[in-house]
Amino acid sequence: MFTACATFILIIAGALVTSNDAGLSIPDWPTSFGSFSVPPWHGGIQYEWSHRAIAGSIVLLTISIATWTFITERRRWMKWLGVAALGTVVTQAILGGLTVLLFQPPWVSSAHAAVAQTFFCIAVSIALFTGRRWIEEQPRAELDQRRPALFTLTLLSIFVLYVQLLLGAMFRHHGMSWWPHAVNASVVAMVLAWTAVRAISAYPQVEAVRRPAIAMLGLMVAQLCLGFLAFITRVMWGRDAAQPELPMVISTVVHVAVGALLLATTVVLAIQVWRHVPVAFEERVPGRGQNPVAA
Ligand code: HEM
Numbered sequence: 002m003f004t005a006c007a008t009f010i011l012i013i014a015g016a017l018v019t020s021n022d023a024g025l026s027i028p029d030w031p032t033s034f035g036s037f038s039v040p041p042w043h044g045g046i047q048y049e050w051s052h053r054a055i056a057g058s059i060v061l062l063t064i065s066i067a068t069w070t071f072i073t074e075r076r077r078w079m080k081w082l083g084v085a086a087l088g089t090v091v092t093q094a095i096l097g098g099l100t101v102l103l104f105q106p107p108w109v110s111s112a113h114a115a116v117a118q119t120f121f122c123i124a125v126s127i128a129l130f131t132g133r134r135w136i137e138e139q140p141r142a143e144l145d146q147r148r149p150a151l152f153t154l155t156l157l158s159i160f161v162l163y164v165q166l167l168l169g170a171m172f173r174h175h176g177m178s179w180w181p182h183a184v185n186a187s188v189v190a191m192v193l194a195w196t197a198v199r200a201i202s203a204y205p206q207v208e209a210v211r212r213p214a215i216a217m218l219g220l221m222v223a224q225l226c227l228g229f230l231a232f233i234t235r236v237m238w239g240r241d242a243a244q245p246e247l248p249m250v251i252s253t254v255v256h257v258a259v260g261a262l263l264l265a266t267t268v269v270l271a272i273q274v275w276r277h278v279p280v281a282f283e284e285r286v287p288g289r290g291q292n293p294v295a296a
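Residue numbering for the sequence shown follows our numbering, beginning at 2 and increasing consecutively.
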């Protein structure tokens, strides 16, 4: 849980670097001006160095968690999830370094943004799987007979959110225009609303599903409003600004942060649906009649 919260703070710190145009204020990596000590504290260096310091702490934290999980966890898949977290955070650190060394090519910066949120989702999932509620709770296991199944809808929601994240990151890092992100926002809104309404209306009694579904819906509405704010401050007002202005910095950073929360909440919903509402599928056994068998 602590790592998940620290990662959320890191995402905000990273967003502050981009929104304040501070990405290249320290020209080298992994050192800062040739040393590992704190550089002169002014301008964009403050944002860039704070981001590096928090990221370094999270790498160390993840190494400890992955090692601890590998040694003590009895669930085999949890051991591998710890390894996946470590692999992701190392990839993220390399992408962060490449961003600086290659002078911020849009595809590297966008990959850095996408892997950051992937790591956040893994950290949130580890917090969920190791929480008391997950371990003590008895899954309700209600079979889902509808098509498309709710689990399929949650996977579709994660997919459209990733597309949205990549389109937003490509715009933010000057690799693409803003409009594909704005157009895809309507697809995101439809898919997520469909998923949330289905979850809330079909399984109102399954608290583990209802709660993240309501949270997802609320975050999505907030994110749409924040998106319009980010658009007004960045694209309409900020186009000719000589330097980053406060309303733009605040609205874009909050938009990135809520985007990360929305993706992680959708991942939690998918996990809870997979646990509590397994998909019923029809199995036709030759010569044994045509009755559907739930599995
Ligand atoms: C629920 C739907 C939405 C989601 C999930 C979403 C998500 C995101 C994310 C994650 C980023 C940052 C990518 C990065 O890390 O670099 C971003 C950037 C951005 N989004 Fe959205 N967005 C949504 C809707 C919208 C809408 C409706 C608009 C309005 C046109 C919008 C405008 C922007 C702008 C202008 C940026 C760039 C901000 C900057 O330059 O700093 N977004 N979006």
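Heads up, the beta-carbon is just placed ideally off N, CA and C, and yes, glycines get one too.
For this session: Taking 8 Å as the cut-off, decide whether the C-beta atoms of Phe-9 and Phe-130 are in contact.
Result: No; because the gap between Cβ atoms is not below 8 Å, this pair is not in contact.
For this session: Could you pull the start and end residues of the alpha helix (DSSP H) that Tyr-204 belongs to?
Result: Per DSSP, Tyr-204 lies in no alpha helix (DSSP H) and is assigned neither H nor E.
For this session: Starting from Gly-57, trace the alpha helix (DSSP H) both ways and give me its first and last residue.
Result: Note, Gly-57: alpha helix (DSSP H), 44 to 73.
Problem set entry | Buried or exposed (CB count within 10 angstroms, at least 16 for buried), Leu-15 | Looking at the sequence itself, residue 15 is Gly, so the reference to Leu does not match. Looking at its Cβ environment, which holds 16 or more other Cβ atoms inside 10 Å, Gly-15 is buried.
Problem set entry | Extent of the continuous alpha helix (DSSP H) run through Val-18 | Looking at the DSSP string, the run of the alpha helix (DSSP H) that includes Val-18 is 3 to 20.
Exercise. When the Cα atoms are used, what is the spatial distance from Leu-144 to Ala-150?
Worked result: So the two alpha carbons sit approximately 10 Å from each other.
Exercise. By DSSP, does Val-278 sit in helix, in strand, or in coil?
Worked result: The answer is coil: DSSP assigns Val-278 none of H, G, I, E or B.
For this session: Please report how far the alpha carbon of Pro-106 lies from the alpha carbon of Arg-77, in whole angstroms.
Result: One Cα belongs to Pro-106, the other to Arg-77, and the distance between them is close to 38 Å.
Exercise. CB-CB under 7 Å to Gly-142, same chain, minus the five flanking residues each way: which ones, in chain order?
Worked result: According to the sequence shown, residue 142 is Ala rather than Gly. Result list for Ala-142: His-277 and Pro-279, in chain order.
For this session: Evaluate Ala-295 with the Cβ neighbour count: other Cβ atoms within 10 Å of its Cβ, from every protein chain shown; 16 or more gives buried, anything less gives exposed.
Result: Because the pLDDT of Ala-295 is 41, which lies under 50, any placement of that residue in the model is unreliable, and the number read from its coordinates should be weighed accordingly. Exposed is the call here.
Exercise. Using a threshold of 7 Å, is the CB atom of Leu-87 nearer than that to any non-hydrogen atom of the ligand HEM?
Worked result: Distances from the CB of Leu-87 to the heavy atoms of the ligand HEM are all 7 Å or more.
Exercise. Among Arg-199, Gln-47, Tyr-163 and Gln-139, which one has its Cα closest to the Cα of Phe-152?
Worked result: Comparing Cα-Cα distances from Phe-152 to each of Arg-199, Gln-47, Tyr-163 and Gln-139, the minimum goes to Arg-199.
For this session: Return yes when at least one heavy atom of the ligand HEM lies under 7 Å from the C-beta of Gly-45, else no.
Result: The closest heavy atom of the ligand HEM lies 7 Å or more from the beta carbon of Gly-45.
Exercise. Is it the case that the CB of Met-177 approaches a heavy atom of the ligand HEM more closely than 7 Å?
Worked result: Flag unset: Cβ of Met-177 not near the ligand HEM.
For this session: Can you have a look at Arg-147 and say buried or exposed, based on whether 16 or more other CB atoms are within 10 angstroms of its CB?
Result: Exposed is the call here.
For this session: Please determine, among Arg-235, Val-259, Thr-196 and Ile-59, the residue with the shortest C-alpha to C-alpha distance to Ala-223.
Result: Nearest of Arg-235, Val-259, Thr-196 and Ile-59 to Ala-223, Cα basis: Val-259.
Problem set entry | Span of the alpha helix (DSSP H), counted from its first residue to its last, around Gly-35 | Premise fails: Gly-35 is in no alpha helix (DSSP H) and is neither H nor E.
Problem set entry | Contact check, Ser-20 vs Val-250, beta carbons under 8 Å | Cβ atoms of Ser-20 and Val-250: closer than 8 Å.
Exercise. Looking at C-beta atoms only, is the number of pairs between the segment 210 to 217 and the segment 228 to 237 that lie closer than 8 Å three or more?
Worked result: Proximity of the segment 210 to 217 to the segment 228 to 237 falls short of the contact definition, fewer than three beta-carbon pairs being nearer than 8 Å.
For this session: Under the assumption that Thr-100 contacts Gly-24 (Cβ atoms under 8 Å), give the Cβ distance between them as a whole number of angstroms.
Result: Right, the Cβ-Cβ distance comes to about 7 Å (below 8 Å), so this counts as a contact.
Exercise. Applying the criterion that 16 or more other CB atoms from any shown protein chain within 10 Å of the CB defines a buried residue, is Pro-205 buried or exposed?
Worked result: Around the beta carbon of Pro-205, a 10 Å sphere encloses fewer than 16 other beta carbons of the protein chains shown; the residue is thus reported as exposed.
Problem set entry | Assigned exposure category for Val-18 - 16 Cβ within 10 Å defines buried | Counting other Cβ atoms within 10 Å of its Cβ, Val-18 reaches 16 or more and is therefore classed as buried.
Exercise. Rounded to a whole number of angstroms, what is the C-alpha to C-alpha distance between Ile-55 and Thr-63?
Worked result: Each residue's alpha carbon lies about 12 Å from the other.
Problem set entry | When Ala-243, Glu-208 and Met-191 are compared against Leu-297, the one with the closest alpha-carbon | With the chain covering only 2 through 296, there is no way to say anything about residue 297.
Problem set entry | C-alpha distance - Pro-1 paired with Met-237, whole-angstrom precision | Given a span of 2 to 296 for the chain in the structure shown, any question on residue 1 remains unanswerable.
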